[in-house]
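Enquirer: Below you'll find the structure I mean.
There are 2 protein chains.
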Amino acid sequence: MAKENHTQYAILGLLTTECRTGYSIKQMIDTSLNHFWKISYGQIYPSLKLLVDKGYASVEPQVQEGKPDKKEYTITAEGQRVLREWIQEPVQQLPVEKNELLLKLFFSRNQDVQDTLDHLEAYREKLTDRYNTYLGIQEMINTQLIEQADAPFWLITLDYGIRITLAAIDWCDETKKTLS
Amino acid sequence: MAKENHTQYAILGLLTTECRTGYSIKQMIDTSLNHFWKISYGQIYPSLKLLVDKGYASVEPQVQEGKPDKKEYTITAEGQRVLREWIQEPVQQLPVEKNELLLKLFFSRNQDVQDTLDHLEAYREKLTDRYNTYLGIQEMINTQLIEQADAPFWLITLDYGIRITLAAIDWCDETKKTLS
DNA sequence: GTGTACATGTAACGGGTTACATGATTGC
DNA sequence: GCAATCATGTAACCCGTTACATGTACAC
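Residue numbers (numbering that gives the first Met the number 0), protein chains in the order written: chain B, 0 to 179; chain C, 0 to 179.
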């Protein structure tokens, strides 16, 4: 597997949790990896197929009563090996996020200051929503999933999101003060 | 111009600063927009062509002595209008950065704790480098470019980068303590 | 002569989203 | 009858990077 395609590893990694189908992988991503890795169905299903082709996972169709049929994927020993290898490889470079608000701010010299302040306030509200969502997930993990062996690591990644979001909120507040 | 392609607007916006050629736009991006918007030559030159096609910019070839010829681009009145329109449009959604370290941490249950600590330390060092780079740029703007009308806005976007980076460094330190 | 700054461009490729297509079952 | 949840998949498209191709001028 090309060392660079991290999304494939993300899917492989999710097969080590209780996720077994494309559908449940998607759900997991939307609730728990959402703040640092998004994946759509358009990637998940073809990727699962590729993982099987490479021998990193196996499939078994499951007939269900009361629900549509599904395909259960299981990580193979070989899959576990390459996953571990990838995890151990050092991270080459820091992520750069594309930030539309900053891009607009960068060119805001000619804009009305009030419009810029409105942008900042709207952004601050979105950040606050995100912050509250994170706190909710944290609470949920702490009460319902704390038995899970993965839980401590989930909390660590969540903590990152919480801290970054708080710092961004602070920046919004400071910038609004500076501009008004 | 499709409302969604922010990169086109970034290039259009840079034409309102003293940048006039594809080459100088690239330089500006690499030094000043780098922490929230990256653009390669593979996008810049075709985009400039498109902006001219749409009437948002005009070109004039310049023959230079002692240097290769270049093409000077100028934003048109129409270009200024669509740029202002875009800046005023509210930001629809918060950015989600793909973070390889978090992805690896998420699946680190089975990994040796020491390997995880090493990852964190390496990441912390990269963050510190970035932090120092930002401080350098800040100093440079404050001493050399403070006359520029755009300077206050550049400092605001830089301040965002500084705060976020500091928060990430704090998270590294805390996480290392938690794990050891 | 070699490296670096200046300067412009394209083609191939990869990664990812969106829209579309299909269909079962349950609860309102 | 309709919406929601469960479930799988593909094709078209967009965005962006990388590698390649080309060339001038200056300083060491």
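Quick reminder that beta carbons are idealized off the backbone N, C-alpha and C, glycines included. Computed from a predicted structure; not experimentally measured.
1) For D149(B), collect the residues of the same chain with a Cβ closer than 8 Å to its Cβ; drop the 5 residues on either side in sequence, then sort them by chain order.
2) What span of residues does the alpha helix (DSSP H) with V51(B) cover, start to end?
3) Is it true that the stretch 72-87 of chain C meets the stretch 129-142 of chain B, where meeting means three or more beta-carbon pairs spaced less than 8 Å apart?
4) Given a cut-off of 8 Å, decide if D169(B) and R129(C) are closer than it, judged by their beta-carbon atoms.
5) Starting from T174(C), find everything on chain B with Cβ-Cβ shorter than 9 Å and list it in chain order.
6) Determine, using beta carbons only, whether S107(B) comes closer than 8 Å to chain C.
7) Would V95(C) count as contacting chain B if we go by Cβ distances under 8 Å?
8) At what residues does the alpha helix (DSSP H) containing V95(C) begin and finish?
9) Assuming the contact rule is C-beta atoms closer than 8 Å, S179(C) and L116(C) should be a hit. Round their C-beta distance to whole Å, please.
10) Any idea what DSSP makes of V58(B), helix, strand or coil?
11) By DSSP, does I74(C) sit in helix, in strand, or in coil?
12) Per DSSP, which residues does K69(B) bridge with? Please list them.
13) What residues in the stretch 98-125 of chain B bring their beta carbon closer than 9 Å to a beta carbon of chain C?
14) With distances taken between CB atoms, is the gap from L93(C) to L14(B) smaller than 8 Å?
15) Can you list, in chain order, the residues of its chain with a C-beta nearer than 8 Å to that of Y40(B)? Leave out the 5 residues immediately preceding and following it.
16) For E3(B), which of I86(B), T174(B), H34(B) has the nearest alpha-carbon?
17) Label S57(C) either buried or exposed according to how many other C-beta atoms from any shown protein chain fall within 10 Å of its C-beta, with 16 as the threshold for buried.
18) Using a Cβ-Cβ cut-off of less than 8 Å, list which residues of the stretch 53-80 of chain C approach chain B; keep chain order.
19) Nearest chain C C-beta to G12(B) closer than 8 Å, yes or no?
20) In angstroms, rounded to a whole number, what distance separates the CA positions of G160(C) and Y8(C)?
21) Check the Cβ-Cβ distances between K37(C) and every residue of chain B, and say whether any is below 8 Å.
22) Quick check on DSSP: helix, strand or coil for L144(B)?
23) What's the gap between the Cα of Q147(B) and the Cα of R83(B)?
24) Of all the options A167(C), W153(C), E120(C), which has the alpha carbon lying nearest to the alpha carbon of T174(B)?
Expert: Put simply:
1) T16
2) 40-52
3) no
4) no
5) Going along chain B in sequence order, the residues near T174(C) (Cβ under 9 Å) are I155, D158, Y159.
6) It does; some Cβ of chain C falls within 8 Å.
7) Yes, V95(C) lies at the interface with chain B (some Cβ there is under 8 Å from its Cβ).
8) Neither: V95(C) is in no alpha helix (DSSP H) and is coded neither H nor E.
9) 6 Å
10) In the three-state scheme derived from DSSP, where H, G and I count as helix and E and B as strand, V58(B) is classed as strand.
11) strand
12) Q61(B)
13) Here the close residues are N98, E99, L100, L101, L102, K103, L104, F105, F106, S107, R108, N109, Q110, D111, D114, T115, D117, H118, A121, Y122, K125.
14) no
15) G21, K25
16) I86(B)
17) exposed
18) none
19) yes
20) 21 Å
21) With 8 Å as the cut-off, K37(C) counts as an interface residue toward chain B.
22) coil
23) Put simply, the backbone Cα of Q147(B) is about 19 Å away from that of R83(B).
24) W153(C)
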